[in-house]
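Everything below concerns the one structure shown next.
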Amino acid sequence: MKKLKLVTAFHLGVAAFLAVCLVPVKTYAQSTVRTIKQSQVSGITAKLQKIKVWNGSGVSISFYEVNEMVKRVWIDDPSQVLIDADGCLEGIDQNCQNSSAGLLHLRRIKKLPVPGLPQTSATLLTVITQTASGERKVYHFQVTPSNSRPEYSQVSIISDKPSSRVTRPLLSPLVQTTRITKQIRAGMSVAISNGLLSSSDELHNRIEQFLTHFQAGEQMPTAALQAGVSLNLVNKLIELGQKNGTEGQI
Numbered sequence: 001m002k003k004l005k006l007v008t009a010f011h012l013g014v015a016a017f018l019a020v021c022l023v024p025v026k027t028y029a030q031s032t033v034r035t036i037k038q039s040q041v042s043g044i045t046a047k048l049q050k051i052k053v054w055n056g057s058g059v060s061i062s063f064y065e066v067n068e069m070v071k072r073v074w075i076d077d078p079s080q081v082l083i084d085a086d087g088c089l090e091g092i093d094q095n096c097q098n099s100s101a102g103l104l105h106l107r108r109i110k111k112l113p114v115p116g117l118p119q120t121s122a123t124l125l126t127v128i129t130q131t132a133s134g135e136r137k138v139y140h141f142q143v144t145p146s147n148s149r150p151e152y153s154q155v156s157i158i159s160d161k162p163s164s165r166v167t168r169p170l171l172s173p174l175v176q177t178t179r180i181t182k183q184i185r186a187g188m189s190v191a192i193s194n195g196l197l198s199s200s201d202e203l204h205n206r207i208e209q210f211l212t213h214f215q216a217g218e219q220m221p222t223a224a225l226q227a228g229v230s231l232n233l234v235n236k237l238i239e240l241g242q243k244n245g246t247e248g249q250i
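See below:
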């Protein structure tokens, strides 16, 4: 009986979350992508890069363009900024044994009192990534809450070497895109089977539009903005897909 109540509560929570996502999404013309070269933020020539986070406007840090997987993350002052990702993260998710994220999402919250934590206006974010060949890289960012007008919605780490595919848009790695797409579709199936989503409603069509943009090479935040769905909804569907036993193996 206790297990049944927990399952029911979980489904009700997801239903409420999906209902909120039906509210029309307001887009902002000023949302842009800021690019930073690898040499500017990692290695002996790196300089500490400042990233601003605004109220109601989170910022994503993408490592898709350099084809690196995020393996570990630390934020020195977690009282003002929450970290989410498109896959599990060691140091953030207790049950994560194999980090599989390529994008981090920073979200500002109302400052929480943390005993023993000094009051600071900014905090240090440290990110450990791994290349396809197994090489580890270290990135440092200074994260600063800001009350000004949002200036960008995504920070993309790019290679210092010019791309040879100048006539084609930057694409997410095929394996990463396929894995995430399978998880989202699995999450949609779970939501539909539990009566939380219908294949004939507007939200379902928006999610399909998101997948179309995402599979065409758009980054997750951009694809979500174009389709009119929230990034939180996309992450929730990925979570549902993972809980259903779909880990994105291809």
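The opening position of the sequence shown corresponds to residue 1 in UniProt numbering, with each subsequent residue numbered one higher.
Every residue, glycine too, gets a C-beta built ideally from N, C-alpha and C.
Counting the other Cβ atoms within 10 Å of the Cβ of Asp86 gives 16 or more, which makes it buried. Inter-residue distance for Ser62 and Val73 is about 14 Å (C-alpha atoms, whole angstroms). Within the same chain, and ignoring the five residues on either side of Val66 in sequence, the residues whose Cβ sits closer than 7 Å to its Cβ are Gln38, Ile157, Ile158, Ser159.
Boundaries of the alpha helix (DSSP H) around Pro221: 220-227. Fewer than three beta-carbon pairs drawn from the region 188-208 and the region 38-52 are found closer than 8 Å, and the two stretches are therefore not classed as touching.
Here Gln226 has His213 as same chain residues with Cβ atoms under 6 Å from its own Cβ, once five neighbours each way along the sequence are excluded. Burial check for Ile207: the Cβ neighbour count within 10 Å reaches 16 or more, so the residue is buried. DSSP links Glu90 through a beta bridge to Arg72. Separation of the CB atoms of Val234 and Tyr139 is rounded to 24 Å, and the pair is thereby denied contact status at 8 Å. Distance from the Cα of Gln176 is smallest, within the candidate group Ala191, Met220, Gln142, Asp201, for Met220. Looking at the DSSP output, Phe63 sits in no beta bridge, so it has no partner there. In the three-state DSSP reduction, Val114 falls in the coil class, being neither helix nor strand. The beta carbon of Arg107 lies closer than 6 Å to those of Gly58, Leu82 in the same chain, with the five residues before and after it left out. Per DSSP, reduced to three states, the secondary structure at Ser57 is strand.
Counting only residues of its own chain and dropping the five nearest sequence neighbours on each side, Ala132 has a CB closer than 7 Å to the CB of Asn67. Distances from the CA of Asn232 to each of Met69, Arg34, Gly56, Thr123 were compared; the closest alpha carbon is that of Gly56.
In the displayed model, Ser156 falls within a strand according to three-state DSSP.
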